[in-house]
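Heads up, the sequence shown is in UniProt numbering, so the first residue is 1 and it goes up one at a time.
Ideal placement from N, C-alpha and C gives every residue a C-beta, glycine not left out.
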Amino acid sequence: MTILFDNASKTLNTATRGQTFFKEIVFAVPKKYRSTLPEVQWISDGSYFANPDVVLTSEDPFSGPYALQNDGCGKPGLRIHIPEKLLSTKGTERAKAFVKEWAKYRYGVFDESGFAGDALYPACYTILGSNSTRVTDCADKDVVYNLRQTSKRDPGSCNPVPVYGKNQHVTSSLMSRTDLPQVTHFCDDDTHPHNRNVPSKQNLLCREQSTWKIISQHSDFKFKPVKKVRNVKDTVTFKYVIEPDVRLIVAVDTSNAMVQEDRLDMVRNAFSYFVLYSLPEFSVVGLKNLKNKDSPLLVTVKAPADAEQLIDSFPEQYGEEEVCIHCGIEQALQTLKTNSEISQGQIVVISATDIDESHVANLENVLQNNKVTLHVLYFRKRLKAAPLLQKLAFVSGGSFFYIPEDFKRGSSMSSLTLIYEAFRSIYESFSWTNKNHVLVEQKTFTEDSCTTCSLSFQSDPSMENFQVLLTGPKFVLGPPVIRDKTVLSNGNQNFSAGHSSYSYKIKIAAYVFTIKNPKSNEWSLTFERRPGSDKPVVVIVRASSSKKDGITHMKTWIGTEESSKGMLSKRPPVTFYSEVKKGHLPVSNATVSAILYHPESLEEFKLDLMDRGDGDPDITGYDGIFSRYFSEVPRSGYYILTTVVESYSSGIQSGESLAVSKSFRCCGSSYPAELTYDAGPFKRIVTYGSFYVAAEYAKINFSPRRINDLRVEQVLQLNNRMTYLLKWTAPGNNFDYGQATKYQLRMFSSRDDAWNSFESDYVLIIDIFHIHGQILEPLTAGTSQSLIIEPINATSGVYYLAMRTENSEGKYSEISNIIEINYDAPFIPLIKPTTPSIIDITSDPTDFHEGKEPMSDNFKLAIGLSVGFLFLCIIIGIILLLYFARKRKNRKEEEAKRQKILSQFGGGPSLDEVHKAESRDALCQSNNALNVSVISPVNSWTAGSLISHYETLQKNKHSDTSESSTIQPKDMSDTNSTASSKYSYINKVDQNTSLYDPIYFPPQQERDDANYPYNPTYGPFNPPYTSSLRRTPEIQPYASFHRQTPEYSQIYASPRRQTPEASSMGHGYSSNSINFYTYKSDRSPVHQLGTDL
């Protein structure tokens, strides 16, 4: 070990440009190994045992060191494991391997090389769409590899091995190839250029930044000149620390506030179980009453009798004096300092009263200088602000446990279960080796919840024994449980009163079942409540093991996001973590849930923790470290966190695979499945305690989480077209919670465009026209999504794909990791589809993983379009055929009419003469009967004809001629007309008159009907001018226009005309007479027709 760290210190100094090295290495050794190294000068200091940096492991499945990383880029890891087999190897390679893992653990950087067979960080890769295979690495010079292909179909499964003797010129990077002899540097942005193009873990999680850029931002380099070289010392200082015996002082508040709600009684109950069953041997425990100034009682617990002495000495409530919190802490510090230069140890303050603010600053310094950890159990019905004791506990590195009294009905928690879990958590904080006590099940039965109550739980093979406790407040005054009706059963055997495993522990005030070496089985507990009892009954199931490989264990903690003062963090401030392992092996088939209880509102809700390796916050999948952001915060205030892990697997451990898998390198996107431990059906519960969320972080909607695992799963050739199957993990609407609104997937010509100009400098937006099958829509956070895309209209070349997510408030996530593809445009242009269904290649992209040949719709599309086009042509042809047939028919009819008129006129008449002839024929053929077909406004006389005739009449009037202006027909046989106007001329035209004489109408009222009157009736008449309208039987003559009824006005009247006498003539007109004819149609009113000659 000393040689390893000496060489590692020199390597670190070279790699960091002479700025850092290992100054001191502390070996913290559990006390059971004291006798094995008698020559070592041991130092007793418990401060090194809570969270060690490096752990030496035995029976580790890996051969080299590896860091456990549980947070993102630039964040420190959990710890480093060094398998003991590494110490037997020689050479400088192991020192460089340790420096590599130290950089991960300390500075939050990641591997720059890939992992064989890894889907996300492959050892070998191709620019997708091309055929050349490349190696994932980062080096200042080209490395010569021997590619050992493990699969012909999958280039990522190859194992690149550097060729011996061919790579002496390569000097970087330590995060890529520690097996090359001259490699001693990290990749940077200068002399050892970073390779941002490879799909390495560093590139994906650190946004393509170099490892040295991330390392140089750490506080280790903040106040050191970059170019100043610090020479490393020849040797590193080593210190050997042995685990000390537990030194613990419990200071109890015995004021009236602690008597309320049975607080003091419950503390005594949990403390009694703690000293009887949890404390290690030779623990030194003291009790201090915060009401008096007496020195604490110190007892070294070597046997159960010593523990019982402590229980009997537990402080009782008396007097009305006020408690003095700072006095009790100061006295406890003096007691711990006995026989030692510094205090060293743990202090537990149990109180319902806060400390005075004036003493806080002084106690902070004293606790830190004396390496004393302070834990606080604080009782309050409603706690809305953080007490000063919480601050004091956190400064010392201790825990704060808020113990409320009110709980949601049906909740498994109660004040007593929280106190029990607080003591168990304090026990685990003594040393990282204290993992042998676990909580299997707990439940609180209130007075009205049941009369005959029952509880079931699962035992598993890792348990050496388990205990079932039935206890509760005031249990010592009279158990509310009937002893003889309490039965524990595993289906084959019953344990009840009279059995040696069942007893009443008066020092705890509890009924206790103790079962040794239980088999994997389901157990049930049944008991009856004593009538009239109003106290709750609490059932607690705990298990332990002293075996070397330990019991299946879960550890829970909280991470907080630091932000600048006055500025909110870009991500949720609280992260939950749970590590579930059996020894050093992750447990497979386990699910972890976080149960959050808000005492102020009595609300309780559940949140699933994830171990899928999507990079934020979970780095490596299936490594046993589950995590989740607390993004959906419903309200501010205190929360109590409880985590529950369960598994329902078969319980068969693959022990044979462990011996075969020693050469695995940890860890790519996921922990090797062959190395996980199948624990079978089991359950564990951990109550972390309480934490506070400020009001500014409540009900905030954060931007969606960045996508870190975008990748091309497969390149598909479909009918000479290149498509890509993409996969990623869906983020949430509120960071990693809920369902986001929209994705933006775009294609770029360079990486810089994707990072810096996502909004503008893209080549193509991937929309519905470029997607096959499923649409591009976000699913619920944590869901694995896949999509088939085709860069339609893009030219051949290398492109880069990136995406981001939008939530319901219009907030965008950060740009995802960028993937590189090679696209070969098809020779034949594709038909651009109009809907996603037209280009639906397959209903499920996962079919490609199952070896199914995808069905292309191009052929179906061509057939559909051809049939549709042919059908459209047929319809158009039919319409055109009907149109031209009708047109030919109309021409034939027109020609027949024209020939008929030609036979009458003996020449080629004009078109007007044709229409006039048609009008005369129509009237003549009607024989003064009704002919509806000729009544049409479009065939009426034109205004020009009427005006011309009127001018002729006026000329005749002014010439004083005695000749009658009446137009007489020369040939009565020619009076019939076939004209289709309403008012037709019946005689041949006189040579000395205009073509037509006018017909005057009384003015009509304006109507909506354009063709009014449409169907008039008329009687027989024989004037020079006739109408096809039917006349009424009565003919009303008028002597003058002035005798016309007032409701009608004249259309035309001569100002010089004398009033004529009424004529008795029934037919015909003369220059001094006017006849008016009336007609009626099917509509009203009645109109009058007249002629002025």
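Residue i classed as buried or exposed, judged by whether at least 16 other C-beta atoms fall within 10 angstroms
i      : result
Gln19  : buried
Val275 : buried
Gln182 : exposed
Leu745 : buried
Met972 : Caution is warranted here: a pLDDT of 42 is assigned to Met972, below 50, making its placement in the model unreliable, and the coordinate value is therefore given only provisionally. Per the 10 Å Cβ criterion, exposed.
Ser601 : exposed
Ser866 : exposed
Ala307 : buried
His169 : exposed
Arg17  : buried
Tyr273 : buried
Which of helix, strand or coil DSSP assigns to residue i
i            : result
Ser9         : helix
Leu147       : strand
Gly621       : strand
Trp523       : strand
Ala862       : helix
Arg721       : strand
Asn159       : strand
Tyr318       : coil
Ile242       : strand
Phe98        : helix
Ala929       : Only weak support is given to the placement of Ala929: the predicted model assigns it a pLDDT of 42, under 50, and the value that follows is read from those uncertain coordinates. Of the three classes helix, strand and coil, the one that applies to Ala929 here is coil, per DSSP.
Gly804       : Checking the sequence shown, residue 804 turns out to be Arg, not Gly. Here Arg804 sits in strand by DSSP.
Gly286       : strand
residue 1112 : Given a span of 1 to 1093 for the chain in the structure shown, any question on residue 1112 remains unanswerable.
residue 1132 : Past the edges of the chain, shown from 1 to 1093, lies residue 1132, and the structure says nothing about it.
Val686       : strand
Cβ neighbours of residue i in the same chain (closer than 7 Å, five flanking residues each side left out)
i      : result
Glu364 : Leu392 and Val395
Ile419 : Met266, Val267, Ala270, Leu377 and Ile403
Ala694 : Ser636
Lys474 : Asp262, Asp265 and Lys535
Ser545 : Asn436, Ser462, Met463, Glu464 and Ile551
Val614 : Contrary to the premise, residue 614 reads as Asp rather than Val in this sequence. Result list for Asp614: Asn708, Asp709 and Thr729, in chain order.
Asn353 : Residue identity check: residue 353 is Thr in the sequence provided, not Asn. So the list reads Asp253, Ser255, Ala257, Val323 and Ile325, once near-sequence residues are dropped.
Length of the line joining the Cα atoms of residue i and residue j
i      : j      : result
Lys408 : Lys96  : 55 Å
Asp678 : Asp736 : 29 Å
Pro30  : Ser176 : 35 Å
Lys201 : Val40  : 42 Å
Ser101 : Pro573 : The displayed chain sequence assigns Glu, not Ser, to residue 101. If you take the alpha carbons of Glu101 and Pro573, they lie about 27 Å apart.
Tyr812 : Ser670 : 28 Å
Pro531 : Glu603 : 31 Å
Asp406 : Pro599 : 7 Å
Ser657 : Glu441 : Residue placement at Ser657 is flagged as unreliable, the pLDDT there being 38, under the threshold of 50; the coordinate-derived value follows with that caveat. When rounded, the distance between both Cα atoms is 32 Å.
Lys213 : Ala15  : 13 Å
Leu298 : Val476 : 25 Å
Val715 : Tyr823 : 10 Å
Asp767 : Glu208 : 27 Å
Lys293 : Ser313 : 16 Å
Ser412 : Tyr504 : 23 Å
Nonlocal neighbours in the same chain, by C-beta distance under 6 Å from residue i, ignoring five residues either side
i       : result
Arg483  : Ala497
Asn701  : Asn734 and Glu809
Pro1023 : The predicted position of Pro1023 is uncertain, since its pLDDT is 47 and thus under 50; a value taken from the coordinates is nonetheless stated next. No residues qualify anywhere along the chain.
Val539  : Lys443, Leu455 and Leu470
Proximal residues to residue i (C-beta, below 8 Å), its chain only, five neighbours per side dropped
i      : result
Val259 : Gln317
Val487 : Asn494, Phe495, Ser496, Leu525, Thr526 and Phe527
Lys166 : Val144
Pro731 : Pro704, Arg705, Arg706, Ile707, Ala740, Pro778, Ala781, Thr805 and Ser813
Which runs of the beta strand (DSSP E) spanning at least 3 residues fall entirely within the segment 11–37, listed in chain order?
Runs of the beta strand (DSSP E) lying entirely within the segment 11–37 and spanning at least 3 residues, in chain order: 24–29.
Residue ranges of each alpha helix (DSSP H) run of no fewer than 4 residues wholly in the segment 746–798, ordered along the chain?
Assignment of alpha helix (DSSP H) within the segment 746–798, counting only whole runs of 4 or more residues, yields 751–756 in chain order.
Length at least 4, wholly inside the segment 431–473: the alpha helix (DSSP H) runs in chain order:
none
Enumerate, from N- to C-terminal direction, the unbroken alpha helix (DSSP H) stretches of 4 or more residues contained entirely within the segment 346–426.
360–369 and 388–396
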